[in-house]
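Heads up: the structure comes next, in structure tokens.
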Amino acid sequence: MALTDTTATSVATPATASSASAQATVFAVILSVSFCHGINDIMQSLLPAIYPLLKENYGLDFWQIGLLTFTFQVTASLLQPVIGMITDKRPMPYSLPWGMASSLVGLIVLAYAGHYVLLLVGASLIGIGSAIFHPESSRIARFASGGRFGLAQSLFQV
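Take the sequence shown: its letter number 31 is residue 31 in the numbering used here, and every next letter is one higher.
Structure representation (structure tokens):
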């Protein structure tokens, strides 16, 4: 009478070990890009949050506040598809740090602006940074998805 073991055992093979390692790497990349995306969006939301301070400290009227908003939105929203088309033809991984740096410089310009024109420059730099950051970061989230595009995009959007 032969004794046979009918329970299946899981043995870690190089293929399963590398698959688990790849999944960990994928999530590390997605979560890193997601974190940067959150920081980028926080930097964008700072401008409307300081409108009352800008209005009071610089003596701005609502038309000037509106122009600040328009400047930011045009650079952030309308420039983004143009940058997306360019990076579709030629991916630019360094656009991630460049976009974040542009937003940071924009915040610094806003913090030290002595004139309304510098407020416009700061707002446009924040918008440009966002427009540069989003297409490439979205591509990286998809690339790191391992085929789980919906999960990767939803984590990226958080």
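Glycine included, C-beta positions come from ideal geometry on N, C-alpha and C.
For the 9 Å CB-CB criterion, I108 and F72 do not form a contact.
The C-beta separation of P93 from E136 comes to about 7 Å, placing the pair in contact by the 8 Å criterion.
Contact between L118 and L68 is absent: CB atoms are separated by about 11 Å, not below the 8 Å threshold. In the three-state DSSP reduction, V33 falls in the helix class (H, G or I). Contact annotation: L60 and L54 have beta-carbon atoms nearer than 9 Å.
Beyond the five residues adjoining it in sequence on each side, L110 comes within less than 6 Å, by CB distance, of G122 in the same chain, given in chain order. In terms of CA proximity to F27, G146 leads the group S124, I50 and G146. Here R142 is not near F133, since their CB atoms are 9 Å or more apart. Within the same chain, no residue comes within 7 Å of R90 by CB-CB distance, once the 5 residues on both sides are set aside. Between S130 and S103, the C-beta spacing is below 9 Å.
Annotation: L155 to E56 spans about 39 Å, alpha carbon to alpha carbon. Distance check between T75 and each of C36, L151, S32 and Q44 places Q44 closest, using alpha-carbon atoms only.
Nearest C-alpha to S77 among Q64, S124, H37 and F62: S124.
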